[in-house]
Amino acid sequence: MKGNYIMTFKDEVLSRRTFAIISHPDAGKTTLTEQLLLFGGAIRAAGTVKGKKSGKFATSDWMEIEKQRGISVTSSVMQFEYSGYRVNILDTPGHQDFSEDTYRTLMAVDSAVMIIDSAKGIEDQTIKLFKVCRMRGIPIFTFINKLDRQGKNPLELLAELEEVLGIESYPMNWPIGMGKEFLGIYDRYYNRIEQFRVEDNERFISLNEDGEISDDSSKLKQSGLYEQALEEILLLNEAGNEFSREKIADGTLTPVFFGSALTNFGVQTFLETYLQFAPSPQPRNSNEGYIEPTSEDFSGFIFKIQANMNPAHRDRIAFLRICSGEFERGMNVTLTRTGKSIKLSQSTQFLADDRSTVNNAVSGDIIGIYDTGTYQIGDTLSIGKGKLQYEKLPQFTPELFVKVSAKNVLKQKHFHKGVLQLVQEGAIQLYKTYRMEDYILGAVGQLQFEVFEHRMKNEYNSEVIMEHIGSKIPRWIDESQVDESLSSSRSLLVKDRYDKPLFLFENDFALRWFQDKHPDIKLSNPME
Ligand code: G4P
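First residue of the sequence shown: -7, per this note's numbering; consecutive thereafter.
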């Protein structure tokens, strides 16, 4: 893509590939990310990203407090160049730091890479993140990892994709053996075999027109595992899904790659094929219709606000996805919500090793803007008339809930101010009970409560009492059907921050019982 000529703005935009990795903890997200960054030369040594577990810190952990805690509070951004493409990987925190930010990050990408541990198959967190990608209709590329270990039968894994996630699949390659007997992958797309643990010059074997090894003396050809792989591929050719670029593009078919991130096997082929099929920045819907990424007027939206938890630095960083045009330091933009004009002088672009200053950022890129409380999640910034507003970001259904109150009753003012601001910022969801107007907070992950508590104390001088009320299932109802006599501890009637009524059900059983008892009340969940 990049020749000896100077890239035009349009070339720059078309060279962008912005994606996030969705997976369950331990499937290999960190390991794969690190290998990709190595290919791109963005990091020099293995272990830079993964250092997290060994006491060093992930490159994505760029805030002091995150370092102290040893976790990445934020979904940060890593950028590298490969073969003329500029790739942005947006980190989706898992483990204890799973939060609404993890979901929101998926609003800012053009495609997703789903990693599945071949021994475990599809796990909880993957399902949740997959649903968000599905809702957006973005392309999903699957990497089935850890083939160097014994895992589930590959055909079974494909069936799981279809049954659990409801997505069609097309294996781009197919494993020959597995675990101790892993010999390599049969590459259906490039019509070659990539051998595992052999000298580099023997790594690839080209296949003949029939898709077989021509050389009869080949050791691999004589192996029973090769025979078995051929039989399975025959089955896939006859009974499997057809390859379809259109279906990949609308997210209804996922290309599947087998490999092993830890041994760096199949990763480069994956990256190269991914870059060919993954979309460049896509048009985005707004109140003025779809905005083309190659349109030259700068615009973007904020999908995440990261507070610096170090009390010595009260600054925050708003993460902005550029949707059109080019960022220039010091440019004047308008914040549509307030109509205010803002000069973007201090911004950072995210790289693997460090926060560095943005030099050129175009549609598809993510920039960080210093924020002193100006921005909210979902805000649109643009040049021009300043009337442009990108589509609202969805609210993600929280699962964990706490009752919260001020420790010091005399400091109610600080308490209310803090809660309202943090809720506005999108750090946490707020609900109020009907009669007592008790505050209930909802979050996707436990970490959101910890961050809330910490920030209330440090930024609003308000210590809070949090009483965990466990996981709940929220279901919204129509205002005309509000009946406070139906509220109980098992089905608690509350209002959300837009005053919309909903029930918090104790569990599935309570939800079903309620539905049976009150079939006339329509319960809804905006995420489903
Ligand atoms: P995550 O970010 O998705 O949570 O996963 P991560 O990459 O940290 O990988 C989780 C564990 O799986 C790590 O082992 C990692 O080395 C291992 N792993 C990743 N890819 C592969 C693979 O292709 N094959 C095999 N066999 N293992 C793989 P750990 O023992 O939990 O961590 P560590 O002590 O090695 O850092």
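Even for Gly, the Cβ is constructed at its ideal location relative to N, Cα and C.
{"Asked": "Excluding the five sequence neighbours on either side, which residues of its own chain have a C-beta within less than 6 Å of the C-beta of Asn183, listed in chain order?", "Found": "Leu199"}
{"Asked": "Leaving out the 5 sequence neighbours to the left and right, which residues in its chain are closer than 6 Å to Leu150 when beta-carbon positions are compared?", "Found": "Ser161"}
{"Asked": "Ignoring anything shorter than 3 residues or poking outside the region 410 to 488, list the beta strand (DSSP E) runs there in chain order.", "Found": "421 to 425, 431 to 435, 456 to 463, 465 to 468 and 483 to 487"}
{"Asked": "From Gly437, Met127 and Leu212, pick the residue whose C-alpha is nearest to that of Ala104; which is it?", "Found": "Met127"}
{"Asked": "Between the Cα of Gly32 and the Cα atoms of Thr0, Leu380, Met70 and Val5, which residue gives the shortest distance?", "Found": "Met70"}
{"Asked": "Taking just the CA atoms, how far does Trp468 sit from Pro163?", "Found": "40 Å"}
{"Asked": "By a C-beta neighbour count over all protein chains shown, 10 Å radius and 16 as the cutoff for buried, is Leu402 buried or exposed?", "Found": "exposed"}
{"Asked": "Please go through the region 252 to 314 and give each complete beta strand (DSSP E) segment of 3 or more residues, from N-terminal end onward.", "Found": "291 to 299"}
{"Asked": "Taking its Cβ as the centre, do 16 or more other Cβ atoms sit within 10 Å of Lys172, making it buried, or is it exposed?", "Found": "exposed"}
{"Asked": "When DSSP labels each residue in this structure, what does Asn165 get in the three-state scheme?", "Found": "strand"}
{"Asked": "Rounded to a whole number of angstroms, what is the C-alpha to C-alpha distance between Ile225 and Leu30?", "Found": "32 Å"}
{"Asked": "Taking Glu391 as part of the alpha helix (DSSP H), name the residues at either end of that continuous run.", "Found": "From DSSP, Glu391 is part of no alpha helix (DSSP H); its letter is neither H nor E."}
{"Asked": "By how many angstroms is the C-alpha of Ser463 removed from the C-alpha of Arg8?", "Found": "40 Å"}
{"Asked": "With a threshold of 6 Å, establish whether the CB of Arg189 neighbours any heavy atom of ligand 1.", "Found": "no"}
{"Asked": "Here's the rule I'm using: 16 or more other beta-carbon atoms within 10 Å means buried, otherwise exposed. How should Tyr266 be labelled?", "Found": "buried"}
{"Asked": "Using only CA atoms, which one of Glu471, Thr244 and Phe497 lies nearest to Glu479?", "Found": "The displayed chain sequence assigns Ser, not Glu, to residue 479. For the residues Glu471, Thr244 and Phe497, the minimum Cα distance to Ser479 belongs to Phe497."}
{"Asked": "What number of angstroms, rounded off, separates the C-alpha of Gly258 from the C-alpha of Glu186?", "Found": "8 Å"}
{"Asked": "Could you name the residues that DSSP lists as bridge partners for Asp179?", "Found": "Asn165 and Arg184"}
{"Asked": "Starting from Phe72, trace the beta strand (DSSP E) in both directions and tell me its first and last residue.", "Found": "Val69 to Tyr74"}
{"Asked": "I'd like to know if the region 384 to 395 and the region 425 to 439 are in contact, where contact means that at least 3 CB-CB pairs between them fall below 8 Å.", "Found": "yes"}
{"Asked": "For Val325, which option in Gln381, Tyr282 and Asn279 has the closest C-alpha, if you only look at C-alpha atoms?", "Found": "Gln381"}
{"Asked": "Anyone know if the C-beta pair for Ala310 and Tyr367 falls short of 7 Å?", "Found": "yes"}
{"Asked": "Please state the DSSP three-state secondary structure of Glu320.", "Found": "coil"}
{"Asked": "Could you check whether the region 284 to 296 touches the region 236 to 250, counting it as contact only if at least three pairs of C-beta atoms, one from each stretch, sit closer than 8 Å?", "Found": "no"}
{"Asked": "Express the C-alpha separation of Ser110 and Asn256 in angstroms, rounding to a whole number.", "Found": "16 Å"}
{"Asked": "For Trp505, tell me which candidate among Ser483, Asn517 and Asn400 has the shortest Cα-Cα distance.", "Found": "Ser483"}
{"Asked": "If you measure from the CB of Arg141, is any heavy atom of ligand 1 nearer than 6 Å?", "Found": "yes"}
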